[in-house]
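**Student:**
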Amino acid sequence: MIVLSEDSQRTSGKDAQSMNITAGKAVAESVRTTLGPKGMDKMLVDSSGGVVVTNDGVTILKEMDIDHPAANMIVEVSETQEDEVGDGTTTAVVIAGELLDQAEELIDSEVHPTTIAQGYRQAAEKAKEVLDEQSIDVTADDRETLEKIAATAMTGKGAESARDTLAELVVDAVLAVRDDDGTVDTDNVSVETVVGGAIGNSELIEGVIVDKERVDENMPYAVEDANVALFDGAIEVKETEIDAEVNVTDPDQLQQFLDQEEEQLKEMVDKLSAVGTDVVFVGDGIDDMAQHYLAQEGILAVRRAKDSDLKRLARSTGGRVVANLDDLEESDLGFAGSVAQKDIGGDERIFVEDVEDARSVTLVLRGGTEHVVDEVERAIEDSLGVVRTTLQDGQVLPGGGAPETQLALELRDFADSVGGREQLAVEAFADALEVIPRTLAENAGLDPIDSLVDLRARHDGGEFGAGLDAYTGDVIDMEAEGVVEPRRVKTQAIESATEAATMILRIDDVIAAGDLKGGGSDDGDDDPAGGMGGGMGGMGGMGGMGGAM
Numbered sequence: 098m099i100v101l102s103e104d105s106q107r108t109s110g111k112d113a114q115s116m117n118i119t120a121g122k123a124v125a126e127s128v129r130t131t132l133g134p135k136g137m138d139k140m141l142v143d144s145s146g147g148v149v150v151t152n153d154g155v156t157i158l159k160e161m162d163i164d165h166p167a168a169n170m171i172v173e174v175s176e177t178q179e180d181e182v183g184d185g186t187t188t189a190v191v192i193a194g195e196l197l198d199q200a201e202e203l204i205d206s207e208v209h210p211t212t213i214a215q216g217y218r219q220a221a222e223k224a225k226e227v228l229d230e231q232s233i234d235v236t237a238d239d240r241e242t243l244e245k246i247a248a249t250a251m252t253g254k255g256a257e258s259a260r261d262t263l264a265e266l267v268v269d270a271v272l273a274v275r276d277d278d279g280t281v282d283t284d285n286v287s288v289e290t291v292v293g294g295a296i297g298n299s300e301l302i303e304g305v306i307v308d309k310e311r312v313d314e315n316m317p318y319a320v321e322d323a324n325v326a327l328f329d330g331a332i333e334v335k336e337t338e339i340d341a342e343v344n345v346t347d348p349d350q351l352q353q354f355l356d357q358e359e360e361q362l363k364e365m366v367d368k369l370s371a372v373g374t375d376v377v378f379v380g381d382g383i384d385d386m387a388q389h390y391l392a393q394e395g396i397l398a399v400r401r402a403k404d405s406d407l408k409r410l411a412r413s414t415g416g417r418v419v420a421n422l423d424d425l426e427e428s429d430l431g432f433a434g435s436v437a438q439k440d441i442g443g444d445e446r447i448f449v450e451d452v453e454d455a456r457s458v459t460l461v462l463r464g465g466t467e468h469v470v471d472e473v474e475r476a477i478e479d480s481l482g483v484v485r486t487t488l489q490d491g492q493v494l495p496g497g498g499a500p501e502t503q504l505a506l507e508l509r510d511f512a513d514s515v516g517g518r519e520q521l522a523v524e525a526f527a528d529a530l531e532v533i534p535r536t537l538a539e540n541a542g543l544d545p546i547d548s549l550v551d552l553r554a555r556h557d558g559g560e561f562g563a564g565l566d567a568y569t570g571d572v573i574d575m576e577a578e579g580v581v582e583p584r585r586v587k588t589q590a591i592e593s594a595t596e597a598a599t600m601i602l603r604i605d606d607v608i609a610a611g612d613l614k615g616g617g618s619d620d621g622d623d624d625p626a627g628g629m630g631g632g633m634g635g636m637g638g639m640g641g642m643g644g645a646m
């Protein structure tokens, strides 16, 4: 009986497991050399010649053209890590790859993949317990530690040359947008990049930069002590809601019609002026005549401001966004010490700054070239994420491979209490975690075996914070040196890597076809290889079912 079409391709059993494990390991190897303060960068070139230079794990994996479905599962690990924490993407991927590598050896020793998956899950749960016990408490008042966390996230990236200055700016920004209940939404920290100047010349604007210009040349360039109105509408004559036709039979009627429109616009501008408006940001258009009246009143106006800009302006100035000018009251106005149109990187933009208790701020990042600025922006995004996470969780861990070394030590002890063959999987999990300090040593040009021996000896002696200094090769107290990172960076990395590895291990059947719905490539009939890739993507779920059965 023929079940599959003749165009279908199927890989089963150990061949399928080996293929998926190899794909997952290949993804991990592609970013492994970027880990740590001495990690290397990758240059990614697209088909149109666009270039990205970075050592940010999630950026590398997003830009790479990956077709294999198992490999894409590893890419998802980095994306989850980025969404949840903002940093540690390379760590998560490297651990996932090493878990697969260790599992491959166990499979070759006739240990069943389901047994390995069960052991990995037990080890991951134990690892999170250990990290919870060993974590260090941090509060929002501990500014020094927050700056160290921000600086650690930038280490080894393009922003490292000015990391102390940038770390201060990041902490200032996050604390500024922190709400009274302790929550932090980093979307309220806008990042603007400027090509030109040194990285150290970056600055924090306590307010908002709007990528617009004033609508009329006769309006003031700058307004001090400005009352700011935020209007999510249009300063234009309202159109009828139904199709209408106006027949004008006399020139006087036309003039009356125009005068009436003009009067409506004048009333809207008078309303703004009456409540004391100095600056108005409008979500939609502004009629040419209204622009003239606004200029006459000395009001600086900006049109077609984005919803996100209006929301950030409201948080920053304390104003309220109104949908109808008739409802505008003086109490709805926000306040800014300065609203001015300035040149930044060759573009004219509106700066709303000198705001008291600004809850929305802007980081202006500078760099010598576009590639440098882009990499600094990626480093800043990571730093913002880890500082936000630290404020939310209030717990950090030392860096430099210290947590992974301690976990490996305790998991080997824990393995003795685990019955059956799961014990082998727990021990393999412990070995896999040591890939982090080993990779840090390799990327720093150190002997990984000597470094691991020194780390193990210090941790055997009870020094949980002992980590590897990639610059000197010494094992030092990372907490004392200020090399710390949020606990969630490690717990999320371990959790995501374990889930991805166990999912891949449980797949024992991969069925691919060139014309699956939502699967194969456009030219799958002519290119079997292309069809295979697309079909495998479409059948990823079936492969998982095969492993589970």
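This note's numbering puts the first residue of the sequence shown at 98, with every later residue one more than the last. The beta carbon of each residue, even a glycine, is placed where N, CA and C say it ideally should be.
(1) If contacts are defined as beta-carbon pairs under 8 Å, then Gly666 and Leu407 qualify, I think. What distance do you get, rounded to the angstrom?
(2) Starting from the Cα of Glu472, find the closest Cα among Leu565, Ser258, Glu582, Asp454 and give me that residue.
(3) Here's the rule: buried if 16 or more other CB atoms are within 10 angstroms of the residue's CB, otherwise exposed. What is Glu556?
(4) Thinking just about the alpha-carbon of each residue, which of Phe432, Pro210, Glu333 is nearest to the one in Ala323?
(5) Would you tell me roughly how many angstroms separate the C-alpha atoms of Val227 and Glu289, rounded to the nearest one?
(6) So for Ser175, helix, strand or coil by DSSP?
(7) Using only the heavy atoms of the ligand FMN, determine whether one of them is closer than 7 Å to the beta carbon of Asp261.
(8) Does the Cβ-Cβ distance between Ile296 and Gly442 come in under 8 Å?
(9) Counting Cβ pairs, one atom from each stretch, are 3 or more of them under 8 Å apart for the segment 139-149 and the segment 195-207?
(10) Quickly, what does DSSP pair Met140 with across the bridge? List them, please.
(11) Shortest alpha-carbon distance to Ser413 belongs to which of Val325, Leu132, Gln438, Ala505?
(12) Unbroken alpha helix (DSSP H) runs of length 4 or more, entirely within the segment 218-288: which are they?
(13) One question on the structure: do Val581 and Leu494 come within less than 8 Å of each other, judged by their Cβ atoms?
(14) Quick check: the segment 421-428 against the segment 438-456, are there 3 or more CB pairs under 8 Å?
(15) Rounding to the nearest angstrom, what Cα-Cα distance links Gly279 and Ala248 in this structure?
(16) Pairing CB atoms from the segment 473-492 with CB atoms from the segment 157-166, are three or more of them under 8 Å?
(17) When you compare the CB positions of Arg400 and Gly382, do they come within less than 8 Å of one another, or not?
(18) Got a sec? Which residues, its chain only, sit under 6 Å from Lys88 by beta carbon, not counting five neighbours each side?
(19) Three-state secondary structure (DSSP) at Thr337?
(20) Check whether the segment 181-199 and the segment 583-592 touch, using three or more Cβ-Cβ pairs below 8 Å as the test.
(21) Between which two residues does the alpha helix (DSSP H) carrying Phe511 extend?
(22) When you compare the segment 507-525 with the segment 538-550, are there three or more beta-carbon pairs, one atom per stretch, that lie closer than 8 Å?
(23) With H, G and I counted as helix, E and B as strand and the rest as coil, what does DSSP make of Gly482?
(24) Could you check whether Pro583 and Val79 sit closer than 8 Å to each other, using their CB atoms as the reference points?
(25) For the alpha helix (DSSP H) that contains Arg417, what are its first and last residues?
(26) Measure the CB-CB distance between Glu450 and Glu310 and report whether it falls below 8 Å.
(27) If the criterion is Cβ atoms closer than 8 Å, does the pair Ile396 and Val418 meet it?
(28) Mind checking whether Arg553 and Thr502 have CB atoms under 8 Å apart?
(29) Taking only runs that begin and end inside the segment 535-619, name each unbroken alpha helix (DSSP H) of 4 or more residues, in chain order.
(30) Quick one: residues in its chain with C-beta nearer than 6 Å to the C-beta of Asp153, no 5 flanking neighbours on either side, listed in chain order?
**Tutor:** On the basis of the data shown:
(1) What is shown of the chain runs 98 to 646, which leaves residue 666 out entirely.
(2) Ser258
(3) Position check: residue 556 holds His in this sequence, whereas Glu was assumed. With 16 or more Cβ atoms within 10 Å of its Cβ, His556 is classed as buried.
(4) Phe432
(5) 40 Å
(6) helix
(7) As for the ligand FMN, it is missing from this structure, which has no ligand bound.
(8) no
(9) no
(10) Val150
(11) Val325
(12) 240-251, 260-274
(13) yes
(14) no
(15) 22 Å
(16) no
(17) yes
(18) For the chain, the structure presents residues 98 to 646; residue 88 sits outside this window and is missing.
(19) Only weak support exists for where Thr337 lies, its pLDDT of 49 falling under 50; the value from the coordinates is given anyway. Three-state result, Thr337: coil.
(20) yes
(21) 499-512
(22) no
(23) helix
(24) This structure leaves residue 79 out entirely; the chain is present only between 98 and 646.
(25) Taken as a continuous stretch (DSSP letters only), Arg417 belongs to no alpha helix (DSSP H), as it is neither H nor E.
(26) no
(27) no
(28) yes
(29) 545-557, 575-578, 584-602
(30) Arg475
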